[in-house]
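Note sheet for the following structure.
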Amino acid sequence: MNITIIGITDEQTTCDLCGRTELRSTVILGDEDRTEIGRYGSVCAGRVLSENQGRKVTGVLDMARKAEMVRRSYVMDAFGRVIRHLKAGDVAKANWERAQGKRWHGYIRPDEIALDAKVLEYVKARHREATALNWVDWYAANK
Ligand SMILES: [Zn+2]
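Residue numbering for the sequence shown follows my numbering, beginning at 12 and increasing consecutively.
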């Protein structure tokens, strides 16, 4: 398994590995599918990465900040596409984009998690509406 840096957050200030508290931020590590495996202080993140790669990994904090900037811009692009699809009335495409965005870039920040939840709620509501409409049509045609 290849462990990678997904990003960095100041939302969690406790290391998942050693339990140290009151950190300024935690580095978010993920597996090769970018599924989050933990949030660690930079020292522990460096230790986990070094062990995984079989060499000493340094500059973790800088790498994490860069990764976070890249991740954030991808997330903003993905949400931009979600909104465009919603405006065009294509709920299925919007939902696909939000799921892909989540899978490839992770939704880490509270605003990203909130927006994702809002879109999902809307998609579900539209799906229920569509299902109800289909049923009404079916009933009208078959009664
Ligand atoms: Zn730690």
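Glycine included, each C-beta is placed from N, C-alpha and C at the ideal position.
Distance CB(residue i)-CB(residue j) smaller than 9 Å
i, j, result
"isoleucine 19", "glycine 41", "no"
"aspartate 27", "arginine 50", "yes"
"glutamate 22", "isoleucine 119", "yes"
"leucine 34", "threonine 46", "no"
"glutamate 60", "isoleucine 124", "In the sequence as presented, glutamate is not what sits at residue 60; that position holds leucine. No. Outside cutoff."
Rounded distance between the beta-carbons of residue j and residue i, thought under 8 Å
i, j, result
"glutamate 108", "histidine 96", "6 Å"
"arginine 137", "valine 102", "5 Å"
"methionine 12", "glutamate 43", "7 Å"
"alanine 105", "valine 134", "7 Å"
Distance cut-off 8 Å: residue i Cβ against heavy atoms of ligand 1
i, result
"glycine 52", "yes"
"arginine 31", "yes"
"leucine 60", "no"
"leucine 40", "no"
"leucine 72", "no"
"leucine 28", "yes"
Reference residue i, options the options, closest by Cα
i, options, result
"valine 130", "Ala151, Gly100, Asn145, Ala152", "Gly100"
"valine 68", "Ala78, Arg76, Cys55, Lys77", "Cys55"
"valine 71", "Gly52, Ala110, Ala151, Val86", "Gly52"
"aspartate 73", "Arg66, Ile39, Gly91, Lys98", "Ile39"
"phenylalanine 90", "Leu144, Gly112, Ala78, Ala151", "Gly112"
"tryptophan 126", "Gly65, Val147, Val86", "Checking the sequence, you will find leucine at residue 126 rather than tryptophan. Residue Val86 is the option with its Cα nearest to leucine 126."
"serine 36", "Ala128, Ile48, Ala152, Glu79", "Glu79"
"alanine 128", "Asn145, Asp148, Ala110", "Ala110"
Exercise for review: Please list the segments of the alpha helix (DSSP H) lying wholly inside the stretch 40-114, counting only runs of 4 or more residues, in order along the chain.
Suggested key: 53-64, 71-98
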